[in-house]
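Below is one structure, written out as structure tokens; the observations come after it.
2 protein chains.
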Amino acid sequence: MRATIRDVAREAGVSIATVSRVLRDSTAVRPTTRDRVLAAADELEFVPSALGRQLAERRHAANGIVFPDLSGPYYAEVVLGYESVAAELGRSVLILSTRDRPDAESAVQAMAERCDGLVVLGRTVPDAAVERLVVRGAHVVMVARPPVGGADSVNARNRQGARALTEHLLDLDVRRLVFVGDPSTSPDVAERLRGIQEALPADADLQLHHVDSLDEECGAHVVGDYLTRALPDAFVCANDELALGMLGRLSAAGVDLPGRVKVAGWDDVMAARYAGLTTVRQPMRELGATAARLLDELISGSRSHPTHELLPTQLVVRSTTLGKVAP
Amino acid sequence: MRATIRDVAREAGVSIATVSRVLRDSTAVRPTTRDRVLAAADELEFVPSALGRQLAERRHAANGIVFPDLSGPYYAEVVLGYESVAAELGRSVLILSTRDRPDAESAVQAMAERCDGLVVLGRTVPDAAVERLVVRGAHVVMVARPPVGGADSVNARNRQGARALTEHLLDLDVRRLVFVGDPSTSPDVAERLRGIQEALPADADLQLHHVDSLDEECGAHVVGDYLTRALPDAFVCANDELALGMLGRLSAAGVDLPGRVKVAGWDDVMAARYAGLTTVRQPMRELGATAARLLDELISGSRSHPTHELLPTQLVVRSTTLGKVAP
DNA sequence: CGACGGTTTGTAACCGGTTACACGAGCACC
DNA sequence: GGTGCTCGTGTAACCGGTTACAAACCGTCG
Chain A
1 MRATIRDVAR EAGVSIATVS RVLRDSTAVR PTTRDRVLAA ADELEFVPSA LGRQLAERRH
61 AANGIVFPDL SGPYYAEVVL GYESVAAELG RSVLILSTRD RPDAESAVQA MAERCDGLVV
121 LGRTVPDAAV ERLVVRGAHV VMVARPPVGG ADSVNARNRQ GARALTEHLL DLDVRRLVFV
181 GDPSTSPDVA ERLRGIQEAL PADADLQLHH VDSLDEECGA HVVGDYLTRA LPDAFVCAND
241 ELALGMLGRL SAAGVDLPGR VKVAGWDDVM AARYAGLTTV RQPMRELGAT AARLLDELIS
301 GSRSHPTHEL LPTQLVVRST TLGKVAP
Chain B
1 MRATIRDVAR EAGVSIATVS RVLRDSTAVR PTTRDRVLAA ADELEFVPSA LGRQLAERRH
61 AANGIVFPDL SGPYYAEVVL GYESVAAELG RSVLILSTRD RPDAESAVQA MAERCDGLVV
121 LGRTVPDAAV ERLVVRGAHV VMVARPPVGG ADSVNARNRQ GARALTEHLL DLDVRRLVFV
181 GDPSTSPDVA ERLRGIQEAL PADADLQLHH VDSLDEECGA HVVGDYLTRA LPDAFVCAND
241 ELALGMLGRL SAAGVDLPGR VKVAGWDDVM AARYAGLTTV RQPMRELGAT AARLLDELIS
301 GSRSHPTHEL LPTQLVVRST TLGKVAP
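Going down the list, the protein sequences come from chains A and B. For the first sequence, the UniProt record's numbering gives the first residue as 1, with consecutive numbering after it. For the second sequence, the UniProt record's numbering gives the first residue as 1, with consecutive numbering after it.
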């Protein structure tokens, strides 16, 4: 059995209070006593129990993060940014993927019991579940999702990015475009679609192509649907993976790109750069990092009113949208 | 303040022991008493404190996982497989990325205090640090890394996969090949290189091209180095991302592929399929899932002797290694 | 009717820390 | 020499659960 604070106290001939004081450096302890305690702790290889400490301090020193999935670069990057800041702030990170989990809500509730606050990403649990968390006093930050109840939120400027992208396409004489994605599953995606709609003039035509998932496989499938009928001037995809999947399939089918059709993605994942994909960059890692900071403010109590951060997006034009549409 | 078990006991007019019994369903409680307790718990919206429970049970009901990074599909998939099984087993998952962290070892030690066992992936902390964990009684499973001390391990059959890939290339008359990667940073990569060396006949030529990192950017850089000198017959990359980066740059440079040079990757990430990349598939998610199961056996004490699992790899031939080398 | 055995329930001691409060020692000051 | 202060340390009560053990209760049987 591992040594406890009482063992150390006995070994050093002091009380457990003194041991605790030495180890947390809280109040003055006579140097000779301190040395005795440290020697005893060293001798017994004492490591304080995280559980005992947490219970006494009534804090977990841990944050949670809930995401739908980790396949694909987007969520992974957000989690990475989050973990990195949380670690700096001395907090551990608990993860929870709602992927294939029918009991997502109860899993999130259970997680909330194990941390001081948590971040909820995109389409994971319903708003009502988040509200319940907040009502119960949990500290919650939403990412890539409109704020719920009194929770904080961090979002990218999706509308703005969508407008910039749309204007760029309009400059290339694009008039018939297809949005590939499912606005019903992700609030972020819905925002992007809305931004495009707002920027489009009346004489332009926007179709919505639903997909089941936002991965490369789906992108490739979408192309299949268009090989037998008329291609639009441009495809705008809900994320880069869809777009990359389309690129592969289009080039395999021998479609001239960007001459015959243009393709744009969203996120600016690393692969987009190497594929020459036009996209809207959003600061994925910074989304996670900002969420971690907001959460820390909530937990430490340095702020009580909800905050809603908007991070910039940026149009990145590459070779998949070069040149005007042929008349 | 939230209700505690004592509040519920008072409200129901029973002792805390009875409340605890009702809530954990351990021993027989008279139905009428049970109902009173449940009603009281409901009334007070009682949710048992995870910390109190954990301290009393002396278990965290949480597992850790340590990885170098989360950019790129490989680690993300392993983590996903791990989380999914851990959740099934009723355990939370703590993550720790050693990326850009100078104090990785102490961070891992701290994490070990907060969970019942942990998984250490690839190149993260030195062997000595893992040994210290094991000596201190921590349950440790290594993934993509040779076992250390008494720890369990889960690995893919790297040598076997490398041999299959090499034989495939030899069949195509490849004689001069370049391995792109850094065997010194990752034991997995070193194994792959060794497998190739073992399978190569004496008249073949294998060069090693070091890279700083295993991402697409590095892959693109590598190509730059070869555009001014002779290309080998084939590049074998330590992972798919390197290979994908090379593909993009090679095709931009107008190099005939697979005619002039062949390229192979490793992992079989989703993008590899759409890029037509020949690669060696390893079951990334299953690596994580297996680690979670082994860890559970260690923690539950159902097994005490170390186990070392080897998961299959599989050569996946696609268009980047089609046709024989031109004489 | 009392002994006996099984079922329910309560008491209290944990788990391993933190910390409010009290107490004693040492010192300066009047 | 007594008073009052500061400094260092110990006592004990927490934090919020689980659980060994004992006790109380109830029905049955001799």
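Just so you know, even glycine gets a beta-carbon here, dropped at the ideal spot from N, CA and C. Note that this is a predicted model, so its numbers are computed, not measured.
Given a cut-off of 8 Å on the beta-carbon distance, is the pair residue i and residue j in contact?
i, j, result
"A275 (chain A)", "L231 (chain A)", "no"
"A264 (chain A)", "T313 (chain A)", "no"
"G72 (chain B)", "E241 (chain B)", "yes"
"Y82 (chain B)", "N239 (chain B)", "no"
"V306 (chain A)", "G122 (chain A)", "In the sequence as presented, Val is not what sits at residue 306 (chain A); that position holds Pro. In this structure, G122 (chain A) does not lie closer than 8 Å to P306 (chain A) by Cβ."
"R157 (chain B)", "L277 (chain B)", "no"
"G181 (chain B)", "V211 (chain B)", "yes"
"E113 (chain A)", "A61 (chain B)", "no"
"V316 (chain B)", "R281 (chain B)", "yes"
"E216 (chain A)", "A271 (chain B)", "yes"
"I95 (chain B)", "V93 (chain A)", "yes"
"R21 (chain A)", "V29 (chain A)", "yes"
"L172 (chain A)", "V325 (chain A)", "yes"
Report buried or exposed for residue i, applying the criterion of at least 16 other Cβ atoms within 10 angstroms of its Cβ.
i, result
"Q54 (chain B)", "buried"
"H209 (chain B)", "buried"
"P258 (chain A)", "buried"
"G219 (chain A)", "buried"
"S153 (chain B)", "buried"
"A104 (chain B)", "buried"
"D268 (chain B)", "buried"
"R2 (chain A)", "exposed"
"L227 (chain B)", "exposed"
"E191 (chain B)", "buried"
"D296 (chain B)", "buried"
"A56 (chain B)", "exposed"
"T27 (chain B)", "exposed"
"R229 (chain A)", "exposed"
"residue 345 (chain A)", "No statement about residue 345 (chain A) is possible, as the shown extent of chain A runs from 1 to 327 and does not include it."
"A39 (chain B)", "exposed"
"R303 (chain A)", "exposed"
"residue 329 (chain B)", "Shown here, chain B extends from 1 to 327; a query on residue 329 (chain B) therefore has no answer."
"A202 (chain A)", "exposed"
Using a Cβ-Cβ cutoff of less than 6 Å, which residues in the same chain neighbour residue i once the five nearest sequence positions on both sides are dropped?
i, result
"A234 (chain A)", "L169, V174, L177 and K262"
"I5 (chain A)", "I16 and V19"
"L193 (chain B)", "F179 and P183"
"L322 (chain B)", "P258"
"P327 (chain B)", "none"
"D205 (chain A)", "R176"
"L133 (chain B)", "A112 and V140"
"A41 (chain B)", "V8"
"V125 (chain A)", "A104, E105 and V108"
contact_flag[the segment 287–306 of chain A, the segment 250–259 of chain A] where n(CB pairs < 8 Å) is 3 or more: no
Could you tell me whether the segment 185–199 of chain B touches the segment 138–157 of chain B, where touching means 3 or more Cβ pairs closer than 8 Å? Three or more Cβ pairs closer than 8 Å define a contact, and the segment 185–199 of chain B meets that threshold against the segment 138–157 of chain B.
Say whether the segment 215–230 of chain B touches the segment 197–206 of chain B, bearing in mind that this needs 3 or more beta-carbon pairs closer than 8 Å, one atom from each stretch. Not touching, per the Cβ criterion.
Looking at C-beta atoms only, is the number of pairs between the segment 113–125 of chain A and the segment 66–74 of chain A that lie closer than 8 Å three or more? yes
Could you tell me which whole alpha helix (DSSP H) segments of length 4 or greater appear in the segment 144–210 of chain B? 158–171 and 187–199
Three-pair Cβ contact test at 8 Å for the segment 128–141 of chain A versus the segment 159–174 of chain A: no
Any 3 or more C-beta pairs closer than 8 Å across the segment 33–49 of chain A and the segment 87–105 of chain A: no
Okay, do the segment 78–91 of chain B and the segment 280–290 of chain B touch, 3+ Cβ pairs below 8 Å being the bar? yes
Can you list the alpha helix (DSSP H) stretches of 4 or more residues lying completely in the UniProt domain "HTH lacI-type" (3–57) of chain A, in chain order? 5–12, 16–24, 31–43 and 50–57
Report yes or no: do three or more beta-carbon pairs, one from the segment 22–39 of chain B and one from the segment 84–96 of chain B, lie closer than 8 Å? no
At which residue ranges does the segment 236–315 of chain A contain complete alpha helix (DSSP H) runs of 4 or more residues, listed in the order of the chain? For the alpha helix (DSSP H) assignment, the uninterrupted runs of no fewer than 4 residues enclosed by the segment 236–315 of chain A are, from N- to C-terminal side, 240–252, 270–275 and 284–300.
Would you mind listing the alpha helix (DSSP H) stretches within the segment 89–150 of chain A that are 4+ residues and don't spill past its ends, in chain order? 104–112 and 127–135
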